[in-house]
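Worksheet: one structure, shown below.
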Amino acid sequence: DAGVTQSPTHLIKTRGQQVTLRCSPKSGHDTVSWYQQALGQGPQFIFQYYEEEERQRGNFPDRFSGHQFPNYSSELNVNALLLGDSALYLCASSSAGQGSAGANVLTFGAGSRLTVL
Amino acid sequence: AQSVTQLGSHVSVSEGALVLLRCNYSSSVPPYLFWYVQYPNQGLQLLLKYTSAATLVKGINGFEAEFKKSETSFHLTKPSAHMRDAAEYFCAVSEYTGFQKLVFGTGTRLLVSP
């Protein structure tokens, strides 16, 4: 059973460019969340998608946007890249029908490491 | 807002020694707490979670954590460290507002020497 898959695994961009990261959730999961993990830091919540809509957003600027497709896969887009956007971007999936949602376990992918030069 | 604090960015132990990774939380409501592990070039893997069913929670790979409300702590322990335990460990609290969102600590890197 495939878990969460992300692509690409590594990429290098220059300041001002745009990037798209992709995520396929674990089979049976319908909710996708994105996290940014800067070097030496814990993951920070960017936003969450459910039923193709952004349901919750963290403290990130509008340069960060996303999309969820009918098959539950998701994309994260970042425009006008800054040096500070260099980080590991983690996708996590879960099931809305998992029961007590506060205890829902997120399944993480291996991440996409973005370097902005 | 909920938050967690992990004391010690690095912890070094010898193989076979006790592992203790510290986590303190801040929450205005009874918390859901998690420990995740991250091996190099991999994503986060769930070790264990606390959901109020029992204060002592057993996880994978011999790890366990004890929820202490009076101390607002959720420390992670393992009686005997193995070389394969070397990794980054993250404590997280659920900030549930209709949808699951985790707030992570800054992580503790566990170093295991032979």
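Which chain is which? The protein sequence lines are A and B, in order. If you use the numbering used here, the first sequence closes out at 114, no skipped numbers anywhere. If you use the numbering used here, the second sequence closes out at 121, no skipped numbers anywhere. Glycine residues also receive a C-beta, built at the ideal position from the N, C-alpha and C atoms.
- DSSP places A/His64 in the uninterrupted beta strand (DSSP E) bounded by 61 to 65.
- The region 39 to 51 of chain A and the region 11 to 22 of chain A do not touch, with fewer than 3 CB-CB distances between them shorter than 8 angstroms.
- Secondary structure at A/Lys23: coil, using DSSP grouped into helix, strand and coil.
- Between the region 10 to 28 of chain B and the region 74 to 89 of chain A, the count of Cβ pairs shorter than 8 angstroms is below three; the stretches do not touch.
- Taking 8 angstroms as the upper bound on Cβ-Cβ separation, chain A lies near residues Tyr103, Thr104, Gly105, Phe106, Gln107, Lys108, Leu109, Val110, Phe111, Gly112, Thr113, Gly114 of the region 103 to 120 of chain B.
- An exposed status is given to A/Asp59, since fewer than 16 other beta-carbon atoms sit within 10 Å of its beta-carbon.
- Membership of B/Phe81 in the beta strand (DSSP E) is indicated by the continuous run 80 to 85.
- The bridge partners DSSP lists for B/Phe111 are B/Ala99.
- DSSP, read as helix, strand or coil, puts B/Ser77 in helix.
- Here B/Tyr39 really is in contact with B/Tyr57; their C-beta atoms are around 7 angstroms apart, less than 8 angstroms.
- Here A/Gln65 is buried. Its C-beta has 16 or more other C-beta atoms within 10 Å.
- Here DSSP, grouped into helix, strand and coil, assigns A/Leu103 to coil.
- The DSSP-derived three-state label of A/Arg12 is coil.
- With respect to chain B, the C-beta atom of A/Arg12 has no partner C-beta closer than 8 angstroms.
- In the DSSP assignment, B/Thr58 forms no beta bridge with any residue.
- Spatial neighbours of A/Gln53 in its own chain (CB-CB distance under 7 angstroms, excluding positions within 5 residues in sequence) are listed in chain order as Phe44, Gln45.
- The DSSP-derived three-state label of A/Leu80 is helix.
- A/Ser62 and A/Glu48 have their alpha carbons spaced roughly 16 angstroms apart.
- B/Gly15 is classed as exposed because its beta carbon has fewer than 16 other beta carbons within 10 Å across all chains shown.
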